[in-house]
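Please read the structure below before turning to the comments.
In this note's numbering, the protein residues as written are 267 to 557.
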């Protein structure tokens, strides 16, 4: 639907033009579904901006928050103080997901491939890791192959069990369409989504709309400042991203250490629960994350 050159041009547009286009996208989706829409609201900066844009046109639009049961207290407080938000709590317990399905390590792609590898006999795992597809891409990068020795399960499915499952159930019950605050700048996969489908999809028979997919991070912050939006206080504490407490996704970055040190300082009981009950201690030790 869009070439990468066209996507690049969209990303470079000024904020006011992006706001105009986003509002047009929001209105088109709303009209197509006769107003039966909601906003996926995580409590992060992107979904906060998206909620503001949608409510510029439709003030009564409900926001849907998926409570994973391992949210930062600051996030729960921020969501609770945002008007007209419905909180859906995960039915599956985090300890069950991590211990029996797997921990997310590095990225969704790596975690998904590690889950496949771990299901193979030990003698076949290295062969699978070094296999290549038709484009010559190695199945598991050499720098990630130390994960073959991990004494715990690895999987990319935590988001499904702790977040997506209750959102899907909500959509099925209400037959609603959902505005989602994805941005193409954040990953190549999201650029592909925009290139292939544009601003709307109906995968899994659930209509979804991505009104800010062509926004850059600087646009998000510019909008927040321009319209005096309150945002999750975790950003003021130095966090670059907001998500599950102690999330191991992207565990090669300083963000994980920042999350854990913050918990140890301000939410020690919560950190002890994550470290012991969710068995993060052994995972961090294997990853050589020293705090």
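Positions of the beta carbon are idealized from the N, C-alpha and C atoms, including for glycine.
Query: Complete alpha helix (DSSP H) runs within the region 341 to 426 (minimum length 4 residues, chain order); Result: 374 to 384, 388 to 396
Query: Selection from 324, 426, 280 that minimises the alpha carbon distance to residue 297; Result: 324
Query: Backbone secondary structure at residue 306 - three-state DSSP; Result: strand
Query: Residue nearest to residue 287 in terms of C-alpha spacing, selected from 305, 523, 304, 320; Result: 320
Query: One or two residues paired with residue 329 in a DSSP bridge; Result: 305, 351
Query: The region 416 to 432 / the region 358 to 377 touching (three or more Cβ pairs under 8 Å); Result: yes
Query: Residue 558 - DSSP class collapsed to helix/strand/coil; Result: Since the first and last residues shown for the chain are 267 and 557, residue 558 lies out of range.
Query: Helix, strand or coil at residue 466 according to DSSP, with G and I counted as helix; Result: strand
Query: Option nearest residue 535 by Cα separation, candidates 554, 511, 522; Result: 511
Query: Where residue 322 sits in the DSSP three-state scheme; Result: helix
Query: Residue 558 burial status per 10 Å Cβ neighbour count (16 or more: buried); Result: Since the displayed the chain opens at 267 and closes at 557, residue 558 lies outside it and no answer follows.
Query: Residue range of the beta strand (DSSP E) that includes residue 445; Result: 443 to 445
Query: Residue 401, buried or exposed, once every other Cβ within 10 Å from all chains shown has been counted against 16; Result: exposed
Query: Residue environment, residue 415, which counts as buried when at least 16 other CB atoms sit within 10 Å; Result: exposed
Query: Meets three-Cβ-pair contact criterion under 8 Å: the region 442 to 451 and the region 470 to 477; Result: yes
Query: Sequence-distant residues of the same chain with beta carbon closer than 7 Å to residue 541, five excluded per side; Result: 547
Query: Inter-residue Cα distance where the pair is residue 404 and residue 391; Result: 13 Å
Query: Continuous alpha helix (DSSP H) stretch holding residue 550: start and end; Result: 546 to 552
Query: For residue 466 and residue 295, believed in contact at Cβ under 8 Å, the rounded distance; Result: 6 Å
Query: Neighbourhood of residue 525 by C-beta distance below 6 Å, restricted to the same chain and skipping five residues each side; Result: 512
Query: Buried/exposed call for residue 515, threshold 16 Cβ in 10 Å; Result: buried
Query: Cβ neighbours of residue 489 in the same chain (closer than 7 Å, five flanking residues each side left out); Result: 281, 315
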